[in-house]
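What follows is a set of notes on a single structure, which appears directly below.
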Amino acid sequence: MSSPYVRAAAFCACLALARPLPAAPISAGTAPPAPATPAPATPASVTPQAAGQIAGRLKARLSYDPLTGYGVFEKSGNRLAFARGVPWAIFDWNRSLPLDPPSDAEGGLSFTAASGAAIEKAFAEAEAVARSHFSVAAILIDPGHGGKDPGAIGEQAAGGKKLRVVEKDVTLDISRKLFDLLKARFPDKRILITREGDSYPSLEDRVDMANSVELAANEAIIYVSIHANSSFNKNAKGFEVWYLNPEYRRTLVDAKKPGGPGQEIAPILNAMLEEEFTTESIILARDIMSGLQSEIGAESPNRGIRADEWFVVRNARMPSVLIEAGFVTNPDEGKLLARDDYLLRVADGVYTGLVDFVGYFESMRGAPSQ
Ligand SMILES: [Zn+2]
């Protein structure tokens, strides 16, 4: 597996767009000379500090794009995203941190000393949490459809007989196999499933189940929804993995809240947040996609990673993906999806991707600083 740091950066457009700044030298020899008579009216807390110096002290990577005014400090998987002129930053996906607005008016990007101290404190606190072991505490498997809702149905001719392949059965079979594999691999994690038989939990029931799992501050849950596809075009075949843009998080930064960031800036902060949230789901989708590719890629075309606004995943507050295991309506794939050994390989592929992601997530989020 490649370095988790590189993988995260590759999918974060914010970082990809931003231009990395070298950390400013902090040795006394290269620092600008102190003014002979410092203005006595300026309190030390508002003295500007070069952003590069803050990054140097933190041993953090700093990216800043002077065109858009967006920037990110990143260290050991923790991120602080800020924007020029904005009086707060977003720390680690979910927490806003009040700051004196950063400026790049003269001599490069700078923060006040008080803001520099607040940034360093935020990273120090995050590291303390990370040292207490950040983990994936639960994995919730959601077999699509069930009961009165059969999902997609394919009818294939097989040996002079009609073979009926029903999505709700395919999804349950894959999900139970995945459940057993994950239980055996992660005895200390909560492995959950939204239905164990031919029942019909509503979409709201499934989302509620996901959101009601109790987690400590340093624990996360992964949500995996399993489906099968159908098409009027009988030739359509292949598997897909979807990740979802978590729309609900738009309300996290509320423009109208008293003391909030104001109409102009709120959308910028929300865009930053959304990007951070989506990154984990994209990495999860890629891991599962490559797991499936190695298990069933020889028989089923890889249709790639997709993004949309599916209800179930959109409302689940966690890294979330939806897998379309294949087309029940395709004559070849429909027959494969009726075979126990094939469904086991699908489950194996998803399992491999999840194990990869958990390894990445726990090492990235729980690693002590390098
Ligand atoms: Zn479905």
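Heads up: the sequence shown begins at 189 in our numbering, then just goes up one per residue.
We treat Cβ as the ideally placed atom computed from N, Cα and C, and that holds for glycine.
Since this is a predicted model, take the numbers as computed values, not measurements.
Specify the secondary structure class of residue i as computed by DSSP and reduced to three states.
{"i": "Arg283", "result": "strand"}
{"i": "Val401", "result": "coil"}
{"i": "Val274", "result": "coil"}
{"i": "Tyr539", "result": "helix"}
{"i": "Ser303", "result": "helix"}
{"i": "Arg533", "result": "helix"}
{"i": "Tyr548", "result": "helix"}
{"i": "Phe311", "result": "helix"}
{"i": "Ala316", "result": "helix"}
{"i": "Ser508", "result": "strand"}
{"i": "Ala424", "result": "coil"}
{"i": "Met477", "result": "helix"}
{"i": "Pro213", "result": "Per-residue confidence for Pro213 stands at a pLDDT of 33, beneath the threshold of 50, marking its modelled position as unreliable; no derived number is given."}
Figure out for me which residue from the options has the closest Cα to the Cα of residue i.
{"i": "Val429", "options": "Ser233, Ile476 and Gly259", "result": "Ile476"}
{"i": "Met397", "options": "Asp386, Ser233 and Arg378", "result": "Arg378"}
{"i": "Leu328", "options": "Val401, Gln344 and Ile242", "result": "Val401"}
{"i": "Tyr431", "options": "Ile410, Ala424, Tyr530 and Ala301", "result": "Ile410"}
{"i": "Arg491", "options": "Asp330, Asn417 and Glu308", "result": "Asn417"}
{"i": "Val560", "options": "Ser323, Ser387 and Arg364", "result": "What is shown of the chain runs 189 to 558, which leaves residue 560 out entirely."}
{"i": "Tyr252", "options": "Val354, Asp292 and Leu351", "result": "Asp292"}
{"i": "Lys336", "options": "Val354, Asp330 and Asp528", "result": "Val354"}
{"i": "Ser642", "options": "Leu472, Ala495, Ala473 and Glu521", "result": "The question about residue 642 has no answer here: the residues shown for the chain are numbered 189 through 558."}
{"i": "Arg249", "options": "Gly257, Glu262, Tyr258 and Ile242", "result": "Glu262"}
{"i": "Glu294", "options": "Pro254, Ser482, Asn406 and Tyr539", "result": "Pro254"}
{"i": "Leu360", "options": "Asp376, Asn399, Gly348 and Pro389", "result": "Pro389"}
{"i": "Ala473", "options": "Tyr539, Asn421, Leu525 and Ser419", "result": "Tyr539"}
{"i": "Ser264", "options": "Asp368, Lys350 and Ala314", "result": "Ala314"}
{"i": "Gln563", "options": "Asn421, Pro519, Ala306 and Ser284", "result": "Past the edges of the chain, shown from 189 to 558, lies residue 563, and the structure says nothing about it."}
{"i": "Gly257", "options": "Ser284, Leu285 and Pro289", "result": "Pro289"}
Specify, as a first and last residue, the run of the beta strand (DSSP E) that residue i falls within.
{"i": "Asn518", "result": "Taken as a continuous stretch (DSSP letters only), Asn518 belongs to no beta strand (DSSP E), as it is neither H nor E."}
{"i": "Glu407", "result": "Glu407 to Asn417"}
{"i": "Val260", "result": "Tyr258 to Lys263"}
{"i": "Arg378", "result": "Arg378 to Ile381"}
{"i": "Pro331", "result": "Ser323 to Pro331"}
On the premise that residue j lies in contact with residue i, defined as a C-beta separation below 8 Å, what is that separation, rounded to the nearest angstrom?
{"i": "Ser508", "j": "Ser469", "result": "6 Å"}
{"i": "Gly537", "j": "Ile484", "result": "6 Å"}
{"i": "Val412", "j": "Ile511", "result": "7 Å"}
{"i": "Gly332", "j": "Gly426", "result": "Wrong, their Cβ atoms sit about 17 Å apart, outside the cutoff."}
{"i": "Ala325", "j": "Leu403", "result": "6 Å"}
{"i": "Val260", "j": "Ala271", "result": "Going by Cβ atoms, the distance from Val260 to Ala271 rounds to 10 Å, so no, they are not a contact pair."}
{"i": "Val516", "j": "Gly342", "result": "3 Å"}
{"i": "Lys523", "j": "Ala346", "result": "6 Å"}
{"i": "Val274", "j": "Leu531", "result": "Contact flag wrong, Cβ pair sits at about 50 Å."}
{"i": "Ala238", "j": "Ser298", "result": "6 Å"}
{"i": "Arg267", "j": "Asp330", "result": "At roughly 29 Å, the Cβ-Cβ gap does not stay under 8 Å, so Arg267 and Asp330 are not in contact."}
{"i": "Leu369", "j": "Ala495", "result": "With a Cβ gap of about 27 Å, Leu369 and Ala495 do not count as contacting."}
{"i": "Ala526", "j": "Leu351", "result": "6 Å"}
Per the DSSP calculation, residue i is bridged to which residue(s)?
{"i": "Ala345", "result": "Lys350"}
{"i": "Ser291", "result": "Ser298"}
{"i": "Pro389", "result": "DSSP, once it has assigned bridges, lists no residue as partnering Pro389."}
{"i": "Val429", "result": "Ile493 and Ile511"}
{"i": "Ala269", "result": "Val260 and Ile278"}
{"i": "Asp337", "result": "Gly334"}
On the DSSP letters alone, give me the boundaries of the alpha helix (DSSP H) that residue i sits inside.
{"i": "Leu297", "result": "Segment: none, Leu297 is in no alpha helix (DSSP H) and carries neither H nor E."}
{"i": "Leu525", "result": "Element bounds for Leu525: n/a, residue is neither H nor E."}
{"i": "Val358", "result": "Glu355 to Arg373"}
{"i": "Arg245", "result": "Ala239 to Leu246"}
Sorry if obvious, but does the Cβ on residue i come closer than 7 Å to a heavy atom of ligand 2?
{"i": "Glu355", "result": "Here the bound small molecules are ligand 1; ligand 2 is not part of this structure."}
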